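S.K.: Have a look at this one.
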Amino acid sequence: MTGAASDDPAFLYEHAPCGHLSTTPDGMIVRVNDTFLAWTGHARDDLVGRRRFVDLLPVGDRIFHETHYAPTLRMLGAAREIALEIVRADGRRMPVLVTSVLDRDDTGRPVGVRSAVFDVTERRRYEHEVLAAKRRAEASEARAVQLAQTLQQTLIPPTPPRIPGLDVAAAYRPAGDGRHVGGDFYDVFQVAVDDWVVVLGDVQGKGADAAVVTALARYTVRAASVDHHVPSEVLHTLDEVLRRADTDRFCTAVLVRLRRVAGAWRATVASGGHPLPLLRRPGGGARPVGGYGHVLGIVPAATFVDTEVVLGAGDALVLFTDGVTEGRRGTLLYGAERLAEVVDAHRGTAAATTDAILADVMAFQSDDARDDIAVVTVAVG
Amino acid sequence: MSATQRHHIRVSGVPGAQPVLFAHGFGCDQHMWRLVAPHFEDAYTVITFDHVGAGGSDPAAYDPARHGSLQGYADDVLAIVHELGLDDVVLVGHSVSAMIGVLAAVAEPDRFARLVLVGPSPRYLDDDGYVGGFTAADIAELLESLDSNYLGWSRAMAPVIMGNPDRPELAAELTESFCRADPDIARRFARVTFLSDNRADLAKVSVPTLVLQCSQDVIAPVVVGEYVRDEIPGAELVLLDATGHCPQLSAPEATTAAIAAFLRG
Chain A
2 MTGAASDDPA FLYEHAPCGH LSTTPDGMIV RVNDTFLAWT GHARDDLVGR RRFVDLLPVG
62 DRIFHETHYA PTLRMLGAAR EIALEIVRAD GRRMPVLVTS VLDRDDTGRP VGVRSAVFDV
122 TERRRYEHEV LAAKRRAEAS EARAVQLAQT LQQTLIPPTP PRIPGLDVAA AYRPAGDGRH
182 VGGDFYDVFQ VAVDDWVVVL GDVQGKGADA AVVTALARYT VRAASVDHHV PSEVLHTLDE
242 VLRRADTDRF CTAVLVRLRR VAGAWRATVA SGGHPLPLLR RPGGGARPVG GYGHVLGIVP
302 AATFVDTEVV LGAGDALVLF TDGVTEGRRG TLLYGAERLA EVVDAHRGTA AATTDAILAD
362 VMAFQSDDAR DDIAVVTVAV G
Chain B
427 MSATQRHHIR VSGVPGAQPV LFAHGFGCDQ HMWRLVAPHF EDAYTVITFD HVGAGGSDPA
487 AYDPARHGSL QGYADDVLAI VHELGLDDVV LVGHSVSAMI GVLAAVAEPD RFARLVLVGP
547 SPRYLDDDGY VGGFTAADIA ELLESLDSNY LGWSRAMAPV IMGNPDRPEL AAELTESFCR
607 ADPDIARRFA RVTFLSDNRA DLAKVSVPTL VLQCSQDVIA PVVVGEYVRD EIPGAELVLL
667 DATGHCPQLS APEATTAAIA AFLRG
């Protein structure tokens, strides 16, 4: 190539490293450069004055041209980086990016359109791969979320808990958007006639690993409750099982054994590192009941304390996880005091108390809880 | 949220006069009427709006079930008519909004005085002797074309068609939003638009109807416009000497004149 040729405007136009097209405002081709002809295999005489730009596009792209490209060009005077395909003379397609400007006369009337056309064969292939990868990732995430939600449902009882002679209500709310398996769990089950267990706990962490430990804890409590009649012994068993399990995760739990003796319900409460349940009696304020024990699954010689109370008419026990008391708004903590106030203020059914707690703690956090929340209320009607 | 907010409704012209409701088609938004609608402001109440998912509409109002059929979009139009308390309405619908207008006028004929259908097509797919102009493969290709241009990214990452900063007289809003839509909604709207079959609804239209047909339109060919005219009782067709699917942009004077003549007639 000579220096003279590379300075020649006609040469620069005809052999530019991109296609050039000029059309009338309604798209009739009036001028086209050699590069475009070489790329597409079309003869100049077949295009100029004979075909409109839209005629060079496959049908799907024609619709995009008419519904997006042409209106944008007309309204805004330019359309940039439009992804299209040009049908070549041999019928094969060439992926292109098109940038166009609309020329107007002094009165603002459109007089023509100039377009630059870039061959993007390699890039389009890459974009399709990226798009396919994105779709696979989205599908995979959707499956993972569904799996998490299914798993979550196995960690709490499938039906609302019921104990004949008692009024029981439970609430569970996973943290955030519910896309991950939380670590809170509860269970209510019968051991013998007039002999029930209520357990509520919190496995450290979340996700599939935590769910494995949650399932282990829940079934260990069920099995251990058959042979052990006081909650502290059940917690000892759970502690030992967790320490021997192949996991670094630990757990806290509160266990209540409920027995009806001579028509009166006796509740034996033990805690393994878990916030103590609140006992509310008619005419009195809610107060914690029970004694603290060690967190489960860490300490070699853990100790747990059994505390027995007799539940009379109108009494209620409220079990909760720290997702309630450690609910946050900015730097503010929800706190045990506020929880006790809500429990005192809603003395109707177990469901009324439970729902009031959940609603208040969610409102406190503007409906965006960072931790799981679980509440179980047992009331004597 | 009110229909006015959901659809970014703008009302101009003469308060209390006969309302002319302009409905935009697939791809862009109410700005499509910018060169036509203002000419009706001296004698009519002029209303423009964005379909949900387009322009300045509220994307949260998009409901895959409701907007999974053109009837859902027609219900949106009727919600606008009810909220603004409009009667004796002239509905000017472009492209897919022509059929949306047909469905609205069939559902509540007492509310509508006239229909203007710009580039209508009751069925884009060829079907057993009926010529719509497209095959199922063509529509699959359109969806691919949309993907190439929206790249399937999020709304915020879809700067497909940029405006021209050299034309400061255009509102910033126009350059930012025109022909840009939530990619997922655009894809669904494309399906609903190009796979619907509303041929059976045409005969139910009972209000005076004008079909505005471009002489060269790759989306709605003349034969389709003639089919619409023949199926709607008493409908008339005006053939515009215009190329493309958007005569309100490529031939705004002729489009305005044809609508005005029909409203006077």
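These protein sequence lines map, in sequence, to chains A and B.
The first sequence begins at 2 in my numbering and counts up one residue at a time.
The second sequence begins at 427 in my numbering and counts up one residue at a time.
Backbone N, C-alpha and C define an ideal beta-carbon position, used for all residues, glycine too.
Note that the structure is predicted; figures quoted are calculated from it, not measured.
At which residue ranges does the region 596 to 670 of chain B contain complete beta strand (DSSP E) runs of 3 or more residues, listed in the order of the chain?
M.R.: For the region 596 to 670 of chain B, whole beta strand (DSSP E) runs of length 3 or above, ordered along the chain, are 635 to 642, 662 to 669.
S.K.: Under 8 Å between C-beta atoms, does Gly453(B) make it to chain A?
M.R.: Chain A, which has a Cβ nearer than 8 Å to the Cβ of Gly453(B), makes this yes.
S.K.: Are Arg245(A) and Val214(A) touching if we call contact CB-CB under 8 Å?
M.R.: no
S.K.: Between the region 254 to 268 of chain A and the region 157 to 173 of chain A, are three or more C-beta pairs nearer than 8 Å?
M.R.: By the Cβ test, the region 254 to 268 of chain A is in contact with the region 157 to 173 of chain A, since at least three Cβ pairs between them sit closer than 8 Å.
S.K.: By alpha-carbon positions, which one of Met29(A), Ser23(A), Leu359(A), His347(A) ends up nearest to Ala37(A)?
M.R.: One detail in the question is off: residue 37(A) reads as Phe in this sequence, not Ala. Distances from the alpha-carbon of Phe37(A) to those of Met29(A), Ser23(A), Leu359(A), His347(A) put Ser23(A) closest.
S.K.: Got a sec: which bits of the region 61 to 93 of chain A sit with their beta carbon under 7 Å from any beta carbon on chain B, in order along the chain?
M.R.: Gly61, Asp62, Arg63, Ile64, Phe65, Glu67, Thr68, His69, Ala71, Pro72, Thr73, Arg75, Met76, Leu77, Gly78, Ala79, Ala80, Arg81, Ile83, Ala84
S.K.: Based on the DSSP output, what are the partners of Val33(A) in its beta bridges?
M.R.: Leu22(A)
S.K.: At the 8 Å Cβ level, is Gly113(A) part of the contact set with chain B, yes or no?
M.R.: no
S.K.: Counting contacts by CB-CB distance shorter than 8 Å, is Ser495(B) in contact with chain A?
M.R.: no
S.K.: Per DSSP, which residues does Leu297(A) bridge with? Please list them.
M.R.: Cys252(A)
S.K.: For chain B, check one thing: does any of its Cβ atoms lie closer than 8 Å to the Cβ of Leu48(A)?
M.R.: no
S.K.: If the cut is a Cβ gap below 7 Å, which residues of chain B does Val97(A) touch?
M.R.: Within chain B, no C-beta atom comes less than 7 Å from the C-beta of Val97(A); the nearest is roughly 11 Å away.
S.K.: Hey, how far is the Cα of Gly519(B) from the Cα of Pro441(B)?
M.R.: 22 Å
S.K.: List, in order along the chain, the chain B residues whose C-beta lies closer than 9 Å to that of Pro59(A)?
M.R.: Asp564, Glu567, Ser571
S.K.: Quick one: grab the DSSP three-state call for Asp188(A).
M.R.: Here DSSP, grouped into helix, strand and coil, assigns Asp188(A) to strand.
S.K.: So, under 8 Å CB-CB, Ser495(B) and Val631(B) are touching, yes? Tell me the CB distance rounded to an integer number of Å.
M.R.: Incorrect: roughly 18 Å between the Cβ atoms, too far for contact.
S.K.: Across which residues does DSSP place Asp203(A) in a beta bridge pair?
M.R.: Asp185(A), Thr253(A)
S.K.: Return the chain-ordered list of same chain residues with a C-beta closer than 6 Å to the C-beta of Tyr470(B), the five sequence neighbours on each side being excluded.
M.R.: Gly439, Ala443, Gln444, Val446, listed in sequence order.
S.K.: DSSP three-state label for Ile164(A), please.
M.R.: coil
S.K.: Give me the Cα-Cα distance between Arg144(A) and Val290(A), rounded to the nearest whole angstrom.
M.R.: Cα to Cα, Arg144(A) sits roughly 43 Å from Val290(A).
S.K.: At a cut of 8 Å, does the region 362 to 376 of chain A reach the region 321 to 334 of chain A through at least three beta carbon pairs?
M.R.: Counting Cβ pairs under 8 Å, three or more are found: they touch.
S.K.: Thinking C-alpha only, which one of Ser622(B), Ser574(B), Tyr488(B), Arg540(B) is nearest Asp552(B)?
M.R.: Ser622(B)
S.K.: Is Met95(A) helix, strand or coil when you go by DSSP?
M.R.: strand
S.K.: For chain A, is any of its Cβ atoms less than 8 Å away from the one on Phe560(B)?
M.R.: yes
S.K.: Is there a Cβ from chain A that is less than 8 Å from the Cβ of Val644(B)?
M.R.: yes
S.K.: Would DSSP call Ala172(A) helix, strand or coil?
M.R.: Look at Ala172(A) here: in three-state DSSP terms it is strand.
S.K.: Ignoring anything shorter than 4 residues, give me the alpha helix (DSSP H) runs that lie fully in the region 101 to 135 of chain A, in order along the chain.
M.R.: Listed in chain order, the alpha helix (DSSP H) runs fully inside the region 101 to 135 of chain A amount to none, counting runs of at least 4 residues.
S.K.: Between which two residues does the alpha helix (DSSP H) harbouring Thr73(A) extend?
M.R.: 71 to 77
S.K.: Could you confirm whether any beta carbon from chain A is found closer than 8 Å to the beta carbon of His671(B)?
M.R.: By this cut-off, His671(B) is an interface position.
S.K.: With H, G and I counted as helix, E and B as strand and the rest as coil, what does DSSP make of Pro535(B)?
M.R.: helix
S.K.: Quick one: residues in its chain with C-beta nearer than 8 Å to the C-beta of Thr561(B), no 5 flanking neighbours on either side, listed in chain order?
M.R.: Leu551, Asp552
S.K.: Residues of the region 137 to 157 of chain A with a CB closer than 8 Å to any CB of chain B: list them in chain order, please.
M.R.: For the region 137 to 157 of chain A, the set of positions with a beta-carbon nearer than 8 Å to some beta-carbon of chain B is empty.
S.K.: Going by beta carbon distance, what residues of the same chain come within less than 6 Å of Ala668(B), once the five residues before and after it are set aside?
M.R.: Cys640, Ser676, Ala677
S.K.: With 9 Å as the limit, tell me which residues of the region 117 to 132 of chain A have their beta carbon closer than that to any beta carbon of chain B; keep them in chain order.
M.R.: Arg125, Glu128, His129, Val131, Leu132
S.K.: Ignore the nearest five residues each way along the sequence and tell me which others in Asp643(B)'s own chain have a CB closer than 7 Å to its CB.
M.R.: Gly545, Gly670, His671
S.K.: Could you tell me which whole beta strand (DSSP E) segments of length 3 or greater appear in the region 219 to 288 of chain A?
M.R.: 252 to 262, 265 to 273, 279 to 281
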